[in-house]
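J.: Offset between the sequence shown (1-based) and our numbering: plus 38.
The C-beta atom is built at its ideal place from N, Cα and C for all residues, glycine as well.
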Amino acid sequence: GLVRVGKVCVDMSKRRLEAPGKINLASGILEYVAVGEGGKRHESLLWLDVRPLHFQVGLILLGLHEGDGSVRLWLRVGGEVRPVEQFVWDREKKAEMPIAPWKFVGSTVHDGRFIADDTKSLVATVPDPSAILSTTVERGIPYRGELGFEVHTARTPPVGSDATLIAVVAPGAPPSGDRPLCPEKAK
């Protein structure tokens with residue numbers, strides 16, 4: 039069935055989560071695929087209009103546990119759905135980021151506060167203990183030579199374009215042009 043957690047939509051039968059947002063960068067170094075409002079937007083491809091706790095709860099509802107590396111990420115922009123890696127450039131390999139699963143690391147609670155709600159770190163391409171998802175393709179810190187990732191400028195839509203991050207948990211089928219889970223705007 040379909041469950042809404044804040045602005046995050048979860049389809050249990052499709053093993054899929056959708057989170058609305060916008061393209062945040064058209065060029066530059068990336069340490070994140072996605073952050074929440076108030077996160078490290080100067081290093082993130084997307085900003086998502088969701089509370090980080092809701093994003094994590096949605097993933098847990100899909101059966102994820104800390105360390106699960108069974109998440110694939112997709113991006114819906116302008117009605118087209120593509121793997122998120124197609125929007126990320128691997129600086130070391132001088133190619134698109136390889137398509138690979140993403141790991142659920144899960145943010146934690148410290149002194150009664152959910153850490154990702156403070157940092158707004160959602161999907162990281164560098165080690166970040168407060169992030170909720172992390173890449174399994176490690177390329178180092180991007181500020182050290184030609185390591186890490188950057189925006190794939192030839193593929194990325196203009197800043198401010200509406201975008202939906204889609205997380206699919208194996209064995210869920212990849213989204214293939216199907217309609218958004220929650221097409222109407224969440225209140």
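For Tyr70, is the classification buried or exposed, using 16 other Cβ atoms within 10 angstroms of its Cβ as the cut-off for buried?
T.: With 16 or more Cβ atoms within 10 Å of its Cβ, Tyr70 is classed as buried.
J.: Would you mind reading off the limits of the alpha helix (DSSP H) that contains Gly96?
T.: Pro90 to Leu99
J.: For Leu100, I'd like the list of residues in its chain whose CB is within less than 6 Å of its CB, leaving aside the five on either flank, ordered along the chain.
T.: Arg53 and Val207
J.: Roughly how many angstroms separate the alpha carbons of Lys225 and Lys45, rounded to a whole number?
T.: Because the pLDDT of Lys225 is 40, which lies under 50, any placement of that residue in the model is unreliable, and the question is left without a value.
J.: Alpha carbon to alpha carbon, how far is Lys131 from Ser65?
T.: 17 Å
J.: Using a Cβ-Cβ cut-off of 6 Å (strictly less than) and excluding sequence neighbours within five positions of Leu50, which residues of its own chain qualify?
T.: Checking the sequence, you will find Met at residue 50 rather than Leu. Once the five neighbours on either side are set aside, the close Cβ partners of Met50 are Gly39.
J.: Along the alpha helix (DSSP H) that carries Ile137, what are the first and last residues, could you check?
T.: Per DSSP, Ile137 belongs to no alpha helix (DSSP H) and is neither H nor E.
J.: Between the stretch 124–139 and the stretch 190–198, do at least 3 Cβ pairs fall closer than 8 Å?
T.: Pairwise C-beta distances place the stretch 124–139 in contact with the stretch 190–198, as three or more of them are shorter than 8 Å.
J.: Sort out for me which residues DSSP pairs Thr157 with in a bridge.
T.: Thr157 pairs with nothing; no bridge assigned.
J.: Could you spell out where the beta strand (DSSP E) holding Leu203 opens and where it closes?
T.: Asp200 to Val207
J.: Between Glu56, Glu134, Met135 and Pro136, which has its C-alpha nearest Leu203's C-alpha?
T.: Glu56
J.: So for Arg217, helix, strand or coil by DSSP?
T.: coil
J.: Cβ of Lys52 within 8 Å of any heavy atom in the ligand NAP?
T.: You won't find the ligand NAP in this model; it holds no ligand whatsoever.
J.: Using the Cα positions of Ile179 and Val119, report the straight-line distance between them to the nearest angstrom.
T.: 28 Å
J.: Beta-carbon of Arg120 versus every beta-carbon of chain D: anything under 9 Å?
T.: Absent here is chain D; the protein component of the structure consists of one chain.
J.: For Ala154, does the count of other Cβ atoms within 10 angstroms reach 16, so buried, or fall short, so exposed?
T.: buried
J.: Grab the span of the beta strand (DSSP E) containing Asp128 for me, first residue to last.
T.: Val126 to Asp128
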